[in-house]
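Written below as structure tokens is the structure these notes are about.
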Amino acid sequence: MFRQNALDVHVNNGRGDVVALHYDCPLTGTKTTRTYSQLLQEVSTFAGGLQKLGVEKGGRVVIYMPAVLEATVAMLACARLGAVHSHKGIVDYGPLLNGVLKRSTWKPSHVVMLQRDLCLFEMAKGRDIDWRDAMATGRPIDARPVLATDPLYLLYTSGTTGHPKGVVRDNGGHAVALKWAMRNVLDIAPDDTFFAASDMGWTVGHSLGVYGPLIHGCTSILYAGKTVRTPNASAYWRLITEYGIKSMFTAPTALRAIRREDPEGLLIKHLREDIRKTLK
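Counted from 1, the sequence shown has number 159 at position 159 by full-length UniProt numbering; the numbering is strictly sequential.
Here is the structure:
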């Protein structure tokens with residue numbers, strides 16, 4: 001389902017040069033773009049690297065990464081193998097994950113580490129593998145067939161009303177629902193650019209930041225910044241005008257935060273006409 005329909009089908013239909021993802025991180029000043037062809041190459045190669053480490057259909061993979069492009073590659077690589085991924089946000093799940101590992105009798109046999117110049121980690125010999133090495137030794141693999149009822153990912157709730165609960169999303173029904181919603185609820189066409197203002201570790205980030213747009217064949221914005229103070233309350237307006245976003249999904253809380261920081265709308269004033277041209 002997701003393993004082919006999110007990438008392969010678009011490349012095979014001659015849309016490989018269409019931009020799949022724009023990654024924008026104001027904290028590091030990083031802006032990166034991936035076409036469907038480029039993303040397919042990275043995903044299939046990393047899937048091959050995971051396969052060499054013993055990951056197979058039905059296996060469970062924890063993705064403990066911040067809002068970086070590689071987290072999306074890891075998600076899609078797991079889907080390509082038929083493995084079940086569980087994405088954990090660094091801030092939200094740190095204490096919980098550390099506690100689970102401390103109490104557990106099972107320990108991960110391999111950990112693929114994404115080393116970044118901002119913060120280098122000491123690698124555990126025999127266990128940890130650098131992301132670049134996994135990519136260098138991996139060989140692109142074809143997508144593995146799965147049943148519509150096979151699980152795609154396991155995502156835990158926030159725990160607001162008790163202990164976090166694991167929610168399982170399947171392949172078939174989830175893919176159909178997202179494809180339908182992108183067109184009929186969000187009014188997005190394959191040539192449009194869509195922005196879901198959510199961290200990838202939450203259900204909106206999974207559904208409307210990654211899987212939904214890629215299934216639909218449009219362009220998605222992965223924004224690794226805040227609503228305000230990165231650098232100010234104009235962050236969303238910059239994204240809309242810079243990337244030509246047609247439709248945006250966000251929470252009322254985010255808009256209230258923008259209004260608190262910029263009650264007179266001064267930061268949007270000079271961009272208002274440009275926003276009207278793109279945002280429908």
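Backbone N, C-alpha and C define an ideal beta-carbon position, used for all residues, glycine too.
Remember, it's a predicted structure, so these values are computed and weren't measured experimentally.
| field | Beta-carbon proximity of Leu21 to Leu39, cut-off 8 angstroms | value | yes
| request: Spell out the partners DSSP gives Ile63 in its beta bridges. | output: For Ile63, which the question treats as bridged, DSSP gives the partners His87.
| said: Let's test the definition: count the other Cβ atoms within 10 Å of the Cβ of residue 288 and tell me whether it reaches 16, buried, or not, exposed. | reply: One cannot answer for residue 288 here, as it falls past the ends of the chain, which runs 1 to 280.
| field | Cβ shell of residue 283 (< 6 angstroms), same chain only, five flanking positions each side left out | value | The structure shown does not extend to residue 283, since the chain is modelled only from 1 through 280, so no value can be given for it.
| field | Nonlocal neighbours in the same chain, by C-beta distance under 7 angstroms from Ala254, ignoring five residues either side | value | Ala197 and Thr227
| said: Rounding to the nearest angstrom, what Cα-Cα distance links Ala136 and Asn12 in this structure? | reply: 25 angstroms
| Cβ-based burial, residue 319 [other Cβ within 10 Å; buried from 16] | Nothing can be reported for residue 319, as the shown portion of the chain is limited to 1 through 280.
| said: If you follow the beta strand (DSSP E) that Ile221 is in, where does it begin and where does it stop? | reply: Thr219 to Tyr223
| task | Check whether the Cβ atoms of Gly138 and Lys52 sit closer than 8 angstroms, and answer yes or no. | result | yes
| By the 10 Å Cβ neighbour count, where 16 or more other Cβ atoms means buried, how is Val84 classified, buried or exposed? | buried
| From Tyr188 to Tyr211, what does the alpha carbon distance come to, in whole angstroms? | What sits at residue 188 in the sequence shown is Ile, not Tyr. Taking the straight line joining both Cα atoms gives about 14 angstroms.
| query | When the Cα atoms are used, what is the spatial distance from Leu152 to Asp142? | reply | 17 angstroms
| Buried or exposed by the 16-neighbour rule on C-beta atoms within 10 Å, applied to Glu70 | buried
| request: Could you tell me which residues DSSP pairs with Cys119 in its beta bridges? | output: Arg116
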